[in-house]
Each structure stands twice: as C-alpha cells, then as structure tokens.
C-alpha cells in the first residue's frame, strides 16, 4: 500500500515541487492527513512556495538527530479548503545549512536513510498520517536516492526535452530497476494541445521508451507559469484542467491503479 | 500407566528428531544450491572485509542483486532474524541466513545471539 511518495526527476525544472505541493493539496481536499517534505537541501524552495513563517526546527535538524520529527512539522491546513490536514517539513534555506548538508559523508547519509525509514513508525503508525510526500532534488544525489529507497512509490517527472528523456531512461534502468521500486511516470509540460487524441499513442510510446507505467500526462499551462510558483494551484483554481488531472493521479495512487 | 505414556512418546520423539534433522539437511542443501547459483555472478570471497563499512545507498547500489535485496530489507527492519527477512523477501530462511552472514563478514552488519535466535542489525556506532 502506498504511503510514502517520492517525487523525483533526472533534470531540474521538470515541475517536481509544483507537482508535490499540488498533489499533497489534492489529497488534503480528499480528506487525507498529509505531510510534504523538502528534500532539496541544496536549493530549498518549499518554504517560499508555502510562504511559511516562524519555522523553529527544520527537516535538517531531524536528520541531524537534534530534534524529533513532530518539532519540525508546520500545520498548513488553513491554506487548503478541505476536510484533510496539511503539514510541511521544510529544508533550511540558510546558506550555512546548505553548505553543511553538502558536506555530509557516507555514514551520515546512511544514518539519514534510517531517519527517513523511521518516519513510517513515527508519522504513519503513531500520528496516523495517510501520505508523506518527499519533494527531492534532481539527479542522482544522496538525499534523492535515500528518498527513493524509503518511498513506497516514486513519481518520476519528465519533459519532452531530449537531454531529460535520455537521462531519465538511464536513471530508470540503472537506479530504479536495481531498487525494484514501484514507479509511475508523469510527462509534464506537454505542448501539444490535441493531447486527448494522441493520449493512447503517447501512453504506448512512454511504456516502450521508459518501461514504467504512466501515471499521467500534464499539458503545459501558461497560467501556472504566470503564477510564478506563488500559490497552491489546486486550491486557487478548483475547475482548472491541471487540478482535474492531479485529482485523477491522486485517485490512481489511492486505489493503487498504476498500470 | 506412566511407563505406557513414556513408551508411546518414544517413537514420536524419534520421529520429531528425524524431522528436525531432515529440515536442517534441507536448509544446508538450499544454501549450497544458492551459493552455487550466485558463484557465477559474483565472487564474494574477493570482496574485502571492511572494518568500518557503511550500508549507505551508494553501497547498496554497488552490491550484487541477491545481497542488495537482503541489505535493503535489513535497512527497513533495523534489527531482524533471518526468518523475518525471509518473510519479506520471499526467499528461503536458510538462503537469507547465508546472505546475512555474508553481510556480517563484509562488515556491513552485526550479529548477536539471544537464546536460539540470531539477530542481525546495523551497528549503532556506525550510524552516528
């Protein structure tokens, strides 16, 4: 059963953070208790998107073993209209913290994996969270691979960019296959407006190219770019196609219908 | 009366002992088959024992497939017996026991005995 979802990609700018935040918000609207984690320690961005203030403890502190996980959670439920609960656990954006996280050794990373795995007991079992969503940094970095190993399901965001396609293929083959990880691919920022007519063809092409199931196809919406990552889109625009596609993805994950 | 009970139990005890011995024999054969299978894929004897080895994700990636499965499962469980690992990997207990012991030899895991059970775990000191 999927409880921990990691959102990952080979290259940056594929829409991971936007997808993570809005997928989390979609689950909250469905009545779920959700926590989103910023695992992009080299370029933290969630605090800016969620406009979080007064953060006393960061996710860095939990991984550094200086505080418990409940001390790092920020209740953001008021930002979403829905029956669920929404929490965030943020990466420290201070330059010193980024430098500190960049210089961790293998033993620390091994310990960090243990701390991520321990969230299953602390948050899922004890605090009854329905979903934990890990927003990772792109490529093959320790924090991202730790998140992939700890997750039950990984969403890989990719675009039509040739450099991203090749890298994603290699990453799926040489990383995900080795960890036998349940994976769903999201083709993001698709420019073709006649997407419905081409959907089946695209689905087959993706299955053949990437050898993993397709979770969804997301067209490129100018409205999202115009908002410059300033809002939780599914909250602000409940009738927008982006919101509806994300709701479909959330239902697929909920019902474990990723094929 | 008591003597009758004892005499009726005797064949039963012998049968239990035979069954136990057969199980042990079966486990040993399974291990031998598995080692034969994996010998072609990797030469574990060639892997040096690292006194301070850490079981991080990059190490997991570089491991042969059969050991990675066991190592990833012990990462999730923190501390477990071969039987508990086998229930998750759906491989034979004896096979997991052999792999876990290999990971101990390679320096990635520690092993401790409690009664008849052997527990495998990642050493705390190496986690800090």
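Protein chains in written order, with the numbering used here: chain S, 1 to 259; chain X, 260 to 387. Glycine included, C-beta positions come from ideal geometry on N, C-alpha and C.
- Inter-segment contact for the stretch 163-176 of chain S and the stretch 122-137 of chain S is absent: fewer than three beta-carbon pairs are separated by less than 8 Å.
- For the stretch 150-224 of chain S, the full-length beta strand (DSSP E) segments reaching 3 residues or more read 153-158, 183-190, 214-219 along the chain.
- For chain X, none of the residues of the stretch 8-29 of chain S brings a beta carbon within less than 7 Å of one of its beta carbons.
- By the C-beta criterion, the stretch 16-28 of chain S is judged not to be in contact with the stretch 64-72 of chain S, since fewer than 3 inter-stretch pairs fall below 8 Å.
- For residue 314(X), the chain S residues whose Cβ falls inside 7 Å of its Cβ are 110, in order along the chain.
- For the C-beta of residue 142(S), the chain X residues within less than 9 Å are, from N- to C-terminus, 315, 316, 317.
- Here residue 17(S) is buried. Its C-beta has 16 or more other C-beta atoms within 10 Å.
- For residue 365(X), not one C-beta of chain S is nearer than 8 Å to its own C-beta.
- DSSP, reduced to helix, strand and coil, places residue 242(S) within a helical segment of the structure shown.
- Under the DSSP assignment, residue 316(X) falls in the alpha helix (DSSP H) whose first and last residues are 316-321.
- Residue nearest to residue 287(X) within the set 364(X), 361(X), 370(X), 357(X) is 357(X) (criterion: CA-CA distance).
- Using a CB distance cut-off of 8 Å, residue 126(S) does not count as an interface residue toward chain X.
- Only 142, 145, 146, 149 from the stretch 133-162 of chain S bring a Cβ to less than 7 Å from some Cβ of chain X.
- For chain S, the residues of the stretch 327-340 of chain X that bring a beta carbon within less than 8 Å of one of its beta carbons are 327, 328, 331, 334, 335, 337, in chain order.
- Here residue 60(S) is buried, its C-beta having at least 16 other C-beta atoms within 10 Å.
- Apart from sequence neighbours up to five positions away, the residues of its chain that approach residue 152(S) with a beta-carbon distance below 6 Å are 2, 3, 4, ordered along the chain.
- Judged by DSSP secondary structure, residue 27(S) falls outside any beta strand (DSSP E) and instead within the alpha helix (DSSP H) spanning 16-29.
- Within the same chain, Cβ atoms closer than 6 Å to the Cβ of residue 31(S) are found at 83, 84, the five residues on either side in sequence being excluded.
- With a threshold of 16 other beta carbon atoms within 10 Å, residue 138(S) meets it and is buried.
- Residue pairing for residue 42(S): DSSP places it in no beta bridge.
- Rounded to whole angstroms, the separation of the alpha carbons of residue 235(S) and residue 36(S) is 16 Å.
- One thing to note: residue 126(S) has its Cβ no nearer than 8 Å to the Cβ of residue 159(S).
- Counting only the Cα atoms, residue 249(S) lies some 17 Å from residue 207(S).
- Under the three-state reduction of DSSP output, residue 89(S) falls in the strand class.
- Among the residues of chain X, those whose CB is under 8 Å from the CB of residue 113(S) are 315, 316, 334, following chain order.
- The beta-carbon of residue 178(S) is placed less than 8 Å from the nearest beta-carbon of chain X.
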